[in-house]
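Protein chains: 2
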Amino acid sequence: MVSAVKRILIGRPLKTRETSHAKIGVLKGMAVMTPDALSSVAYATDQMESILVVVIGASASKAYISNVLGFSMIGTLIIIGLAFLLYLAYRNIIHSYPQGGGAYAIGLNDLGKFWGLSAASTLIVGYTLTVAVSVAAGIDAIGPVVPFIGSHKMLANVILTLIIMLINLRGTSESANVFVPFTYVFIGCILLLGVGAGIEAMTHPQSIHMPTSVGMHAVQGMGLFLFLRMFANGCSALTGVEAVSNSVPVFKDPSSKRAQRLLLTLVVTLSLLFLIVSSVAMLHGLTYNPDIPLINQESMLVFGTHGFGYVVTVIISFATMCILGIAANTAFTGCPALWSSMARDGYMPRWVLHKGDRLVYSNGIVFLTLISLVLTIGFDAKVNELMPLYGVSVFYTFSVSQLGMVVRTLREKDTRWVSRAAMSIIGFTLTAAACLIFGITRFTNGAWLVFVCVPLMVFAFSKIRVHYEHVKDDLKYDFTRPLHVAEHSVTIVPIASVNKSSVNALEYAIANFKNVIAVTVIAQDSVDVAEAKERKFRAEWERLHSGVRLIVIHSQYRAVAKRIQRFIELELDLYDNENITVVVPQFITKRWWHKLLHNKTGSILMAWLLLSGSVKVIAVPYRLPR
Amino acid sequence: MVSAVKRILIGRPLKTRETSHAKIGVLKGMAVMTPDALSSVAYATDQMESILVVVIGASASKAYISNVLGFSMIGTLIIIGLAFLLYLAYRNIIHSYPQGGGAYAIGLNDLGKFWGLSAASTLIVGYTLTVAVSVAAGIDAIGPVVPFIGSHKMLANVILTLIIMLINLRGTSESANVFVPFTYVFIGCILLLGVGAGIEAMTHPQSIHMPTSVGMHAVQGMGLFLFLRMFANGCSALTGVEAVSNSVPVFKDPSSKRAQRLLLTLVVTLSLLFLIVSSVAMLHGLTYNPDIPLINQESMLVFGTHGFGYVVTVIISFATMCILGIAANTAFTGCPALWSSMARDGYMPRWVLHKGDRLVYSNGIVFLTLISLVLTIGFDAKVNELMPLYGVSVFYTFSVSQLGMVVRTLREKDTRWVSRAAMSIIGFTLTAAACLIFGITRFTNGAWLVFVCVPLMVFAFSKIRVHYEHVKDDLKYDFTRPLHVAEHSVTIVPIASVNKSSVNALEYAIANFKNVIAVTVIAQDSVDVAEAKERKFRAEWERLHSGVRLIVIHSQYRAVAKRIQRFIELELDLYDNENITVVVPQFITKRWWHKLLHNKTGSILMAWLLLSGSVKVIAVPYRLPR
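Just so you know, the protein sequences line up as chains A and B, in that order.
Residue numbering for the first sequence is 1 to 626, as defined by full-length UniProt numbering.
Residue numbering for the second sequence is 1 to 626, as defined by full-length UniProt numbering.
This is how it looks when you write it as structure tokens:
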């Protein structure tokens, strides 16, 4: 029954060589990996202008405001330039690490273990936050419309997270099918906004206020620090760019080429959309309003708030909401891929490498879901308290990748290495500056957590690797050693009462082993009762005529499994025999819920014995007929 | 390490014959079993007067209000009478069922299966709600004082529930030690309030307004239905009285006598406190105010809101808050005890009978915690939405117990059976009326859920009993049948690679079994790779010189355990042999967290085999040295 449900939810299992069917091209890649990056267009300009609010006085003239907004335009252009620098960096990373891994891979190989693992740690922090924050944002947006969801936000968060998990467990290609329309509708909406604004500007040129360079000199209070903060805030447009480089193997062959093409498409699209949002805001002198995002302000201005124009406005704001909600999906593709890269190097548990029935890293997907659910429940779905962590981690990752490119270029000294190194240095300087500014200005808001979590994670990853190396050494078989076959043996059959299941186990033990002993434990409530119980048990035992010796143990405690384990340990010492086997009778119930009705004494005993001793444990199943 | 933590949290294990040390007397019983009942004094009068609000017009004179409040006083007196009827009923139940079980036991034995199980179901609904609601009430009260808790209510709810669970896992006696002061301080506070009000009345007799019987006739609009609703609401004072009868075996010997004595003490105390709260409200004409509970209004009136008097007022309101918070504890004693009674009759899973290291029903306590956590998280800690369920279930339980007493008295026809039967009939009529009124007036608020849940629970309990009876029959050993010892056998050793752990398992298999086969699974990414892997594996196998046949399976899917299981099933058909054994190599890691780093292929295989086949499964542990 369980497997039938699984079939319905996940789909039929794919063969390993069907891998290519499960992979995606650039078109679907846009839907799976870019929502996180593209959705940042919805708030990046707002973030920049929120800094400028201190400069824009309430009484400032429209012309003055336009000049101030010119700075945010300059910021936008620098960030777009930075996006292309990042493109060049990640293009090379993808080329060099076709197995994926992005900043982690280049950090590990070109800069050293600490850089790689710290980049991975910050990425993981970012991905888990993306899931929790994006889902919470989606629910917050639906809340006012559907009252039931509004009053059960926690439940809705959990259910939506599980739904996204299921979609991803069905396979990357299928999750792309679900999300493709949303992504392209959003892109179309912003392009439409740009076209509309262009027509508006041509038909009503008088409403345009271009900043003048003279005017910009006159703007007061725009210090370097303020500009840098604005720049750092605006850089939030670049979040999610990393995801492509983590997920290279998800693409159809030639996967590196396709990943690079997607990355270029992403950077171009992102830059265009960002440019549209920022320039429309500047030309019309729109400023930051905590209640109405700029995109909404712009669409209201361009398309109006009546009739058909209003419908367009509503579609744009709905598309924005959707893209914010499905940004979670980027993490569901990027994070398991990153973990698998780390597991291949021994820094993550090996089970994240496991590909499920649909050829996705199903364990990684489930694990990511669990972490983000813990975050959601732990922070009462107010995950945006953790946002400062996010900025620091994104820019730290970029800095590591840029620094890695610097080192690599200087080492390899390929063609045009000077100009390429210079570009990477500029890129590193800008991203490192953004990282520092984020870290300093939001240190007390929660960015300090990065300085606690990341070293702990790096430590844990290193420990994992050490463990795997130890296990590898310790399990290595020495082929010069001859096989050692024990001659003597003791076999113990613990039984609770004489019934079909325990007799079945006894018969098996007699058939295969010499020197069989049966053991039973009687709880000692009072001496009289215990002795009566023992007499009854021994009488039944005699009637079996098994010829097997029965040992009765009286226990003052109620943990039967523990008591038997102690008996076996004593037995171990007594017989000095390495070949001790315990035969545990187990009855197997017919329906799943029957299992819930039985004391798992047998299973508990098996677990205890496996954990604590070196005895061999046999389960002898007896199937209940109904 | 796990067991060391357990020692610290729970305490040292107790021997079974130390049971008497773990039991409690009347004094501690008050702390463990009465908070739920006593705390209802804090809101029962409010509940009654909230109904009277419709009668008390805003412009009514103080004298008129006193006359109306006279009805609430009549209600109080009837309820106190009812409490004594319940005392007599439960006194007999405790006498007849010293193993505990209360309304469940009398329903089951004197009325029939449906009555007993439905009473048990409603009791369980009530107990789980008590935990969730009481904890949420406690957190809500602390919230405004400690901002961190106020902003992380869900987390605080979960943690407080877990703390109460831990205290109860330490043993009934120890949980009593923790809660004794709160209970007695609360009782003391209300008594002090009564004394204070008495002094106040004597020194300022002019402030007293006694209702007159003439005046009460004049009160308009006080129909029978309204009076019954008020009565039903006031009956909430009686919640929690049942708990004593469920937990009889928790008391020191003679446990029935002590339980009866506690019940009497509880009923007398409860009546006295209820009388104080209601009569002070009546005499001073205090009416229902949703923001200020009557107890607070009364203490402000009696002790004033300045100086020392204010301190007393604050202490009273703090004590009230505490008793509301620890009402959860009543459920932690009553519910596991009820479950154990049911399990003894086969209606609950047998594991709720398990007494843990501290001689309490530890499985039941943990299970209750889990259910209430699910309720808390599922309802976003707004569990009071479920309160209507609570009233219906409490009175249904009372009705069943009274009806049971009627039947029992009529059957046994002991001394004074007529008067006793008459009393039980009155009790039944009143409690059944309260149950009906609750059920009808709050049907749409959620009481309908009772009509859905209770039948489902009764059905489930019956199914459990049927299952246990089937198992008992099916496992019964036929002693006339001779032991059957198989002669032939096949033994399969699945191995992933040649290493110390798998060779260890192989050596064990060779030592004990004839006809050993080794099996390995190679994942088929592509044909070439798979063939190269197979050649390498076979070469290593030859070097072992084990003389064991190796079978290599190529798999197109990645679920290795499932593939091996299929192979074994085919093998079963092929050899037609009932004595097939699978020897699974397992390596045991040194530290608990190492376990998280390994694919559990071995364990998964064992689970698959145990669930699906009748083969015997052996785990051969290999201990990793570091």
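Note that CB positions come from ideal geometry on N, CA and C, so glycine has one too.
All of these numbers come straight from a predicted model, not from anything done at the bench.
Asked: CB of D341(A) within 9 Å of CB of S40(A), strictly; Found: For clarity, residue 341(A) is Ser in the given sequence; the question names Asp instead. Cβ atoms of S341(A) and S40(A): not closer than 9 Å.
Asked: Alpha-carbon to alpha-carbon, G346(B) and G427(B); Found: 31 Å
Asked: Reference T172(B); option with closest CA among M33(B), A105(B), N504(B) and I199(B); Found: M33(B)
Asked: Chain A within 9 Å of Q556(B), Cβ atoms only; Found: yes
Asked: Proximal residues, the segment 477-505 of chain B versus chain E, C-beta separation under 7 Å; Found: The structure shown contains no chain E; its protein chains are A and B.
Asked: For I553(A), the residue or residues it bridges with in DSSP; Found: V521(A)
Asked: V615(A), buried or exposed, once every other Cβ within 10 Å from all chains shown has been counted against 16; Found: buried
Asked: Chain-order list of residues whose beta-carbon lies under 7 Å from that of F114(A) (same chain, five-residue window excluded); Found: V458
Asked: Contacting residues, own chain, Cβ-Cβ under 6 Å from I208(B) (five flanking each side not counted); Found: A201 and L283
Asked: Every unbroken alpha helix (DSSP H) within the segment 12-37 of chain A, with a cutoff of 4 residues, ordered by chain; Found: 26-33
Asked: Residues bridged to F251(A) (per DSSP); Found: I24(A)
Asked: P625(A), DSSP secondary structure in three states; Found: coil
Asked: Nearest residue (CA-CA) to S372(A), options F398(A), H467(A) and F332(A); Found: F332(A)
Asked: Bridge partners - K616(A), DSSP secondary structure assignment; Found: T581(A)
Asked: Residue-level contact to chain A via CB, S247(B), 9 Å cutoff; Found: no
Asked: Assigned secondary structure, I588(B) (DSSP; H/G/I helix, E/B strand, else coil); Found: strand
Asked: Reduced DSSP secondary structure (H/G/I, E/B, other) of V516(A); Found: strand
Asked: CB contact check: K611(B) to chain A, cutoff 9 Å; Found: In the sequence under discussion, the amino acid at residue 611(B) is Leu, which differs from the Lys named in the question. So, interface residue.
Asked: Option nearest Y508(A) by Cα separation, candidates H488(B), Y508(B) and T161(B); Found: H488(B)
Asked: Any chain A beta carbon closer than 9 Å to F513(B); Found: yes
Asked: Whether V582(B) touches V617(B) by CB criterion (9 Å); Found: yes
Asked: I8(A) (DSSP reduced to helix, strand or coil); Found: helix
Asked: Within-9 Å CB hit, K28(A) to chain B; Found: no
Asked: Of the listed residues V503(B), A486(B) and T491(B), nearest to L506(A) (C-alpha basis); Found: A486(B)
Asked: Residues that I492(B) bridges to, as DSSP identifies them; Found: I517(B) and V582(B)
Asked: Contact with chain B by H95(A), beta-carbon distance below 9 Å; Found: no
Asked: Residues near I588(B) by beta carbon distance below 6 Å, same chain, minus five either side; Found: P621 and R623
Asked: Inter-residue CB distance, G240(A) and D414(A) (contact presumed, cutoff 8 Å); Found: Incorrect: roughly 29 Å between the Cβ atoms, too far for contact.
Asked: Chain A residues whose Cβ lies nearer than 7 Å to that of P621(B); Found: L610 and S614
Asked: Whole-angstrom distance between V185(A) and A432(A), CA atom to CA atom; Found: 34 Å
Asked: Contacts of V471(B) in chain A (Cβ-Cβ under 7 Å); Found: L624
Asked: Chain A within 9 Å of M154(B), Cβ atoms only; Found: yes
Asked: Buried versus exposed, by CB contacts within 10 Å (16 or more), V482(B); Found: It should be noted that the sequence gives Pro, not Val, for residue 482(B). Exposed, by the Cβ-count rule.
Asked: Boundaries (first-last residue) of the alpha helix (DSSP H) holding I323(B); Found: G307 to I326
Asked: Buried or exposed (CB count within 10 angstroms, at least 16 for buried), T122(B); Found: buried
Asked: Between the CA atoms of Y361(B) and I93(B) - distance to the nearest angstrom; Found: 22 Å
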